[in-house]
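Visitor: The structure is given below, and queries will be raised subsequently.
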Amino acid sequence: MPKLLILSTGGALAIRRALGARDDQLTVRPDLTVVIEEFANLPGSHLTPQQIFALVQRIQQVRDGYDGILVATGSDTLEEAAFLIDLLLPAGSPVVITSLPRLSTGGVSETNGLQAAMAVAATPAVAGAGALVVVDNTIYAAATIQMQFSQGPGMVTAPLGALGRVEGDQVSLRLQPVGRQQIAAPRLVEPVDLIRIGVGADDRQLRHSIADNVAGIVIETLGSGRVPPWWLPAIGEAVQRRIPVVVVSRAGAGGLGDEFGYVGAYHDLRKLGVIFAPDLSGIKARLKLMAALAVARSPAELRALFR
Numbered sequence: 005m006p007k008l009l010i011l012s013t014g015g016a017l018a019i020r021r022a023l024g025a026r027d028d029q030l031t032v033r034p035d036l037t038v039v040i041e042e043f044a045n046l047p048g049s050h051l052t053p054q055q056i057f058a059l060v061q062r063i064q065q066v067r068d069g070y071d072g073i074l075v076a077t078g079s080d081t082l083e084e085a086a087f088l089i090d091l092l093l094p095a096g097s098p099v100v101i102t103s104l105p106r107l108s109t110g111g112v113s114e115t116n117g118l119q120a121a122m123a124v125a126a127t128p129a130v131a132g133a134g135a136l137v138v139v140d141n142t143i144y145a146a147a148t149i150q151m152q153f154s155q156g157p158g159m160v161t162a163p164l165g166a167l168g169r170v171e172g173d174q175v176s177l178r179l180q181p182v183g184r185q186q187i188a189a190p191r192l193v194e195p196v197d198l199i200r201i202g203v204g205a206d207d208r209q210l211r212h213s214i215a216d217n218v219a220g221i222v223i224e225t226l227g228s229g230r231v232p233p234w235w236l237p238a239i240g241e242a243v244q245r246r247i248p249v250v251v252v253s254r255a256g257a258g259g260l261g262d263e264f265g266y267v268g269a270y271h272d273l274r275k276l277g278v279i280f281a282p283d284l285s286g287i288k289a290r291l292k293l294m295a296a297l298a299v300a301r302s303p304a305e306l307r308a309l310f311r
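Residue numbers for the sequence shown follow the working numbering, beginning at 5 and rising by one.
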């Protein structure tokens, strides 16, 4: 009989109640045994990158003993948790991530959402697809999701679209994720600061990061890679001090490039030696830099991990 592990970072009791479980092991349906493990008991806003890293280690420890693993975590940091799990975890048996913020209220939709996520995690056909997110009966590649609403139905989207749907206990995976990257990081390197540029903003935050000698800096720039000209000296100083500076667009998605030739545009940042991370949001680039710093043996290797 297939065996599924539910790893909860918070709300394990609500999961047990929703499934009618008296202990940590139950048979949800005749062909599936479910084991519930409370990895942590924290709301999503209390999670840290190091705790997510430890969660990935736990998945790797127990993965061979289960046909699929379902991670139930808080919606506040679902986007980051899903991205980091997918980035660090090698291909293998199904790993599904879901968020059920209102499961404790006993709502039918939340219980159905849990059942849908379990159905995907118990489907052998999704093995090798990388980590998946199942929310609102919709299947997404974990690395691509974005939170578009703070709470409620429709809170998750993906710019490239969904991979499939769950209808009842029928799992339909119509697409496979492509271009998935995996970094076998033995640890995460911190601190990595995330700085977002607003109109007319000064560079105080960046200078504080340089003074603190942080491990890395991610800057959410304007447009497709542009900064106010008064930011250039501080960015150059960070690079000269061998603090990696990763540049993304504050739009959260899209390419980076030279549409305009004025001061502070893409070409100036390229001359300074920053690392460009097109199609990544700032919060995802920050986590990727933490992982990349742990494996890159040179600035060239670090840069290559963001290509």
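Note that beta-carbon positions come from the ideal geometry of N, C-alpha and C, so glycine has one too.
Please list, in chain order, all residues of the same chain as Val-252 whose beta carbon is under 6 Å from its beta carbon, the five residues on each side excluded.
Guide: Residue 252 sits at position 248 when you count from the first residue of the sequence shown. So the qualifying residues of the chain are Glu-224, Ala-281, Leu-284, Gly-286 and Ala-289.
Visitor: Closer than 6 Å by C-beta to Val-278: which residues in its own chain qualify, once you throw out the five before and the five after it? Chain order, please.
Guide: Within the sequence shown, residue 278 is the residue found at index 274, counting from 1. Counting only Cβ-Cβ distances below 6 Å, and skipping sequence neighbours, we find Val-249 and Val-251.
Visitor: Taking all protein chains shown into account, decide if Pro-94 is buried (16 or more other Cβ within 10 angstroms of its Cβ) or exposed.
Guide: For the purposes of this step, residue 94 is taken as residue 90 along the sequence shown, with counting starting at 1. Counting Cβ neighbours within 10 Å, Pro-94 comes out exposed, since fewer than 16 surround it.
Visitor: Whether or not the region 142–152 and the region 71–88 are in contact is what I'm after, with contact meaning three or more pairs of Cβ atoms, one per stretch, closer than 8 Å; do they touch?
Guide: With the cut-off at 8 Å, the region 71–88 and the region 142–152 touch.
Visitor: How about the region 123–133 and the region 157–176: do they share at least three Cβ pairs that are nearer than 8 Å?
Guide: Counting Cβ pairs under 8 Å, three or more are found: they touch.
Visitor: What are the boundary residues of the beta strand (DSSP E) that includes Asp-197?
Guide: By one-based count along the sequence shown, residue 197 stands at place 193. Start and end: 196–200.
Visitor: Please state if the CB of Ala-300 and the CB of Leu-309 are separated by a distance shorter than 8 Å.
Guide: What you label residue 309 is simply residue 305 of the sequence shown in a count that begins at 1. What you label residue 300 is simply residue 296 of the sequence shown in a count that begins at 1. Yes, the pair counts as a contact, with Cβ atoms nearer than the cut-off.
Visitor: Thinking Leu-23 and Val-38 are a contact (beta carbons under 8 Å), I'd like their distance in whole angstroms, please.
Guide: Here residue 23 corresponds to residue number 19 of the sequence shown, with the count starting at 1. Here residue 38 corresponds to residue number 34 of the sequence shown, with the count starting at 1. Right, their Cβ atoms sit about 7 Å apart.
Visitor: Where does Arg-191 land, buried or exposed, given buried means 16+ other C-beta within 10 angstroms?
Guide: Counting from one through the sequence shown, the residue named residue 191 turns up at place 187. So Arg-191 counts as exposed.
Visitor: For Thr-378, which of Gln-155, Leu-17 and Asp-140 has the nearest alpha-carbon?
Guide: What the structure shows of the chain is the stretch from 5 to 311, and residue 378 is not part of that stretch, so it cannot be assessed.
Visitor: What does DSSP give as the partner residue(s) for Phe-4 in the beta ladder?
Guide: No answer is possible for residue 4: it lies beyond the span of the chain, which begins at 5 and ends at 311.
Visitor: Evaluate contact between the region 205–220 and the region 252–270, counting only Cβ atoms and requiring at least three cross-stretch pairs below 8 Å.
Guide: Not touching, per the Cβ criterion.
Visitor: Indicate the three-state DSSP secondary structure (helix, strand or coil) for Ile-239 in the structure shown.
Guide: Working through the sequence shown from its first residue, we reach residue 239 at position 235. Reduced to three states, the DSSP call for Ile-239 is helix.
Visitor: CA-CA distance, Arg-200 and Arg-254?
Guide: To locate residue 200, count along the sequence shown from 1; it is residue 196. To locate residue 254, count along the sequence shown from 1; it is residue 250. Cα to Cα, the separation comes out at about 7 Å.
Visitor: For the region 48–66 against the region 7–20, do three or more pairs of beta-carbon atoms, one drawn from each stretch, fall closer than 8 Å, so that the two count as touching?
Guide: Touching, per the Cβ criterion.
Visitor: Going by beta carbon distance, what residues of the same chain come within less than 8 Å of Asn-116, once the five residues before and after it are set aside?
Guide: Here residue 116 corresponds to residue number 112 of the sequence shown, with the count starting at 1. Counting only Cβ-Cβ distances below 8 Å, and skipping sequence neighbours, we find Asn-141.
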